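A.B. asks: Got a structure for you, questions after.
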Amino acid sequence: MLKLRLISEKRLILFFLVLIINFIFYAEVEAQTGKKITTVVIDAGHGGDDPGAVGRKCKEKDITLKVAKMTGDYIKKNCPDVKVIYTRSSDVFIKLAKRAQIANDNNADLFISIHCNATKSTQVNGVETFVMGEHRNAANLEVAKKENAAIMYEDDAENSYDGFNPNSTEAYIMLNFFQSEFKNSSLKFAEHVQHQLVNRVGRKDRGVQQAGFLVLYKTAMPSVLVEIGFLSNPAEENFLNSKDGQTYIASALYRAFRDYKKEYEKDNAIEGDSYEKIDTPQITDVNKIVYKVQIESRSRKLDNAAQQYKGLENIDFYEHNGQYKYTAGVFYTKKEADEYCKTVKAKGYSSAFVVSFKNGIRQ
Ligand SMILES: [Zn+2]
Numbered sequence: 364m365l366k367l368r369l370i371s372e373k374r375l376i377l378f379f380l381v382l383i384i385n386f387i388f389y390a391e392v393e394a395q396t397g398k399k400i401t402t403v404v405i406d407a408g409h410g411g412d413d414p415g416a417v418g419r420k421c422k423e424k425d426i427t428l429k430v431a432k433m434t435g436d437y438i439k440k441n442c443p444d445v446k447v448i449y450t451r452s453s454d455v456f457i458k459l460a461k462r463a464q465i466a467n468d469n470n471a472d473l474f475i476s477i478h479c480n481a482t483k484s485t486q487v488n489g490v491e492t493f494v495m496g497e498h499r500n501a502a503n504l505e506v507a508k509k510e511n512a513a514i515m516y517e518d519d520a521e522n523s524y525d526g527f528n529p530n531s532t533e534a535y536i537m538l539n540f541f542q543s544e545f546k547n548s549s550l551k552f553a554e555h556v557q558h559q560l561v562n563r564v565g566r567k568d569r570g571v572q573q574a575g576f577l578v579l580y581k582t583a584m585p586s587v588l589v590e591i592g593f594l595s596n597p598a599e600e601n602f603l604n605s606k607d608g609q610t611y612i613a614s615a616l617y618r619a620f621r622d623y624k625k626e627y628e629k630d631n632a633i634e635g636d637s638y639e640k641i642d643t644p645q646i647t648d649v650n651k652i653v654y655k656v657q658i659e660s661r662s663r664k665l666d667n668a669a670q671q672y673k674g675l676e677n678i679d680f681y682e683h684n685g686q687y688k689y690t691a692g693v694f695y696t697k698k699e700a701d702e703y704c705k706t707v708k709a710k711g712y713s714s715a716f717v718v719s720f721k722n723g724i725r726q
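Written as structure tokens, this is what we have:
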């Protein structure tokens, strides 16, 4: 592993200058009338010697590759006018700079980098989507540092990243000066990704975030890095390591792409010209059984259920015989729901039990 020496002041200045030059050259007008989304680059994080996060049962590099390929397959099948390009389609190591270059060389309209998270705690779970920008808290900086550490596996990292040291907090402050012209579109796509993963797949929402990612900072198009879950959380690892889990995540990423494309092309349509309508069959959770943990019944609807059941996730309710039945969690296996039910009980809801739904109807 290459040991990067500490960044000197001189190097920081050089790095800063290079960033400004990059900014001037890459600055483009974001909104382009009549522009359509025709090329997407899907980037499976890590690969080869770089395993990324390592769980008890699987490695990040393998999960990201499977999800990337499935996402691409959904897009190809449902949006035949879109060219799908992968930065890697097998277990190989690709430098971070090369990944961005692939997107730039192909004039991609969108860049999606797929990753899995990990932390020391086995409790932490959920999904978050990053765009290039200023980190607002230490946790976001840690995610960026962890993902950027991939350049430790590169032999020419110092020259490839303008002297950037992934472990230097100062370097991230400098990186923050680089504000992509494509930030608005990146944020819009990131919102679609979170919406799908949270509301349709039931993952815990960690929000749209910002931090300095080397894989994103030279991309000349809207780009996001999505953390699809924590391999350090046993339940989430099981989900991500399962075919079902991967299918849910990939179909969510596809739907986010579809909705973003539709919205973008509508926003940029030439006046009087009807934009091409994408009529794609929705991949929904139709006929899939969804499990939730019923907390309690109430005769009146709560004004702020999330506040009432603070500490529990994905609070929802359904009505039955004039009663409001509140639930927590969304799971695709009974086993996961049973596990979560124990947590809910431990929080004081001793009569909690698991309920199942099919197409939104209690079974
Ligand atoms: Zn990663």
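Its first residue numbered 364, the sequence shown is counted upward by one per residue in this note's numbering. For glycine and all other residues, C-beta sits at the position ideal for the given N, C-alpha and C. Note that this is a predicted model, so its numbers are computed, not measured.
Spatial neighbours of Thr450 within its chain, please: C-beta separation below 6 angstroms, excluding the five flanking residues on both sides.
C.D. replies: Result list for Thr450: Asp406, Ile457, Arg462 and Ile465, in chain order.
A.B. asks: Which of the three DSSP states, helix, strand or coil, is assigned to Tyr524?
C.D. replies: Of the three classes helix, strand and coil, the one that applies to Tyr524 here is coil, per DSSP.
A.B. asks: Of the choices Gly565, Gly711, Asp468 and Gly592, whose alpha-carbon is the least far from that of Glu423?
C.D. replies: Glu423 has its Cα closest to that of Gly592, out of Gly565, Gly711, Asp468 and Gly592.
A.B. asks: Whole angstroms are fine: how far does the CA of Ile678 sit from the CA of Val717?
C.D. replies: Val717 and Ile678: Cα-Cα distance of roughly 14 angstroms.
A.B. asks: Quick check: what's the CA-CA separation for Ala534 versus Asp622?
C.D. replies: Straight-line Cα distance between these residues: approximately 35 angstroms.
A.B. asks: By the DSSP assignment, the beta strand (DSSP E) with Met495 in it spans what residues?
C.D. replies: From DSSP, the beta strand (DSSP E) with Met495 extends over Val490 to Met495.
A.B. asks: Quick one: measure Cβ to Cβ for Gly410 and Asp454, integer angstroms, because I've assumed they're closer than 8 angstroms.
C.D. replies: So it is a contact: roughly 6 angstroms between Cβ atoms.
A.B. asks: In the structure shown, what three-state DSSP assignment does Ser595 receive?
C.D. replies: It is coil, neither helix nor strand.
A.B. asks: With DSSP as the reference, label His498 as helix, strand or coil.
C.D. replies: Looking at His498 - three-state DSSP - the assignment turns out to be coil, as it is neither helix nor strand.
A.B. asks: I'd like the ranges of any alpha helix (DSSP H) spanning at least 4 consecutive residues and lying wholly in the segment 403-483.
C.D. replies: The segment 403-483 contains these whole alpha helix (DSSP H) runs: 423-441 and 459-468.
A.B. asks: Roughly how many angstroms lie between the CA atoms of Asp648 and Val561, to the nearest whole one?
C.D. replies: Residue confidence for Asp648 is low, a pLDDT of 46 falling below 50, so the modelled location carries little weight; the figure read from the coordinates is stated next. Going from the Cα of Asp648 to the Cα of Val561 covers about 13 angstroms.
A.B. asks: CA-CA distance, Ser476 and Gly408?
C.D. replies: Answer to the nearest angstrom: the Cα atoms are 6 angstroms apart.
A.B. asks: Roughly how many angstroms lie between the CA atoms of Arg563 and Asn522, to the nearest whole one?
C.D. replies: Roughly 43 angstroms between the two C-alpha positions.
A.B. asks: Of all the options Glu699, Asn511 and Gly575, which has the alpha carbon lying nearest to the alpha carbon of Ala691?
C.D. replies: Among Glu699, Asn511 and Gly575, the Cα nearest to that of Ala691 is on Glu699.
A.B. asks: Among Val656, Val506, Met495 and Ala501, which residue has its Cα nearest to the Cα of Ala416?
C.D. replies: Looking at the Cα atoms, Val506 is the closest of the given residues.
A.B. asks: Which partner residues does Lys688 have in the DSSP bridge list?
C.D. replies: The partner list for Lys688 (beta bridge, DSSP) reads Ser660 and Tyr681.
A.B. asks: By a C-beta neighbour count over all protein chains shown, 10 Å radius and 16 as the cutoff for buried, is Gly711 buried or exposed?
C.D. replies: Gly711 comes out exposed.
A.B. asks: Using the Cα positions of Gln645 and Ala520, report the straight-line distance between them to the nearest angstrom.
C.D. replies: With a pLDDT of 36 at Gln645, under the threshold of 50, the modelled position of that residue is not reliable, and no figure is offered here.
A.B. asks: Only counting the same chain, and skipping five residues up and downstream in sequence, which positions put a Cβ closer than 7 angstroms to that of Asp412?
C.D. replies: Excluding positions up to five away in sequence, the list reads Phe456 and Tyr516.
A.B. asks: Using a threshold of 8 angstroms, state whether the C-beta atoms of Glu510 and Leu594 are closer than that.
C.D. replies: No, they are not a contact pair.
A.B. asks: Hey, how far is the Cα of Ala632 from the Cα of Ser660?
C.D. replies: Between Ala632 and Ser660, the C-alpha separation is close to 49 angstroms.
A.B. asks: Would you check if the distance between the CB atom of Leu577 and the CB atom of Ile514 is smaller than 8 angstroms?
C.D. replies: Result yes, Cβ atoms of Leu577 and Ile514 sit closer than 8 angstroms.
A.B. asks: Ligand 1: which residues have Cβ under 6 angstroms from any of its heavy atoms, chain order?
C.D. replies: Here the residues come out as Gly408, His409, Gly415, Glu423, His478 and Glu510.
A.B. asks: Could you tell me the distance, in whole angstroms, from the CA atom of Lys697 to the CA atom of Val707?
C.D. replies: Taking the straight line joining both Cα atoms gives about 15 angstroms.
A.B. asks: Could you check how far apart the C-beta atoms of Lys567 and Asn500 are, in whole angstroms? I think they sit under 8 angstroms.
C.D. replies: Actually they are not in contact, since the Cβ atoms of Lys567 and Asn500 sit about 17 angstroms apart, beyond 8 angstroms.
A.B. asks: Could you pull the start and end residues of the beta strand (DSSP E) that Val718 belongs to?
C.D. replies: First-last of the beta strand (DSSP E) with Val718: Phe716 to Lys721.
A.B. asks: At which residues does the beta strand (DSSP E) containing Ala574 begin and terminate?
C.D. replies: Its beta strand (DSSP E) spans residues Asp568 to Ala574.
A.B. asks: For Asn530, count neighbouring C-beta atoms within 10 Å of its own C-beta (all shown protein chains included) and say buried if the count is 16 or more, exposed if not.
C.D. replies: With fewer than 16 Cβ atoms within 10 Å of its Cβ, Asn530 is classed as exposed.
A.B. asks: For Leu588, which beta-bridge partners are listed by DSSP?
C.D. replies: DSSP lists Ser476 and Phe493 as partners of Leu588.
A.B. asks: Would you decide whether Ser614 is buried or exposed? Buried here means 16 or more other CB atoms lie within 10 Å of its CB.
C.D. replies: Result: buried.
A.B. asks: Suppose the cutoff is 7 angstroms on Cβ atoms and the five residues either side in sequence are ignored; what does the same chain contact list for Lys508 look like?
C.D. replies: Once the five neighbours on either side are set aside, the close Cβ partners of Lys508 are Pro529 and Asn530.
A.B. asks: Sort His478, Leu550 and Tyr695 by Cα distance to Gly496 and report the nearest one.
C.D. replies: Taking only the C-alpha atoms, the option nearest Gly496 is Leu550.
A.B. asks: With a CB to CB cut of under 7 angstroms and the five nearest residues on each side skipped, what residues in its chain are close to Asp607?
C.D. replies: Hits under 7 angstroms: Tyr695.
A.B. asks: Measure from the alpha carbon of Asp518 to the alpha carbon of each residue in Leu459, Gly397, Lys420 and Ile652, then state which is nearest.
C.D. replies: That would be Leu459, whose Cα lies nearest to the Cα of Asp518.
A.B. asks: How many Å lie between Ser452 and Ile536 at the Cα?
C.D. replies: Cα to Cα, the separation comes out at about 34 angstroms.
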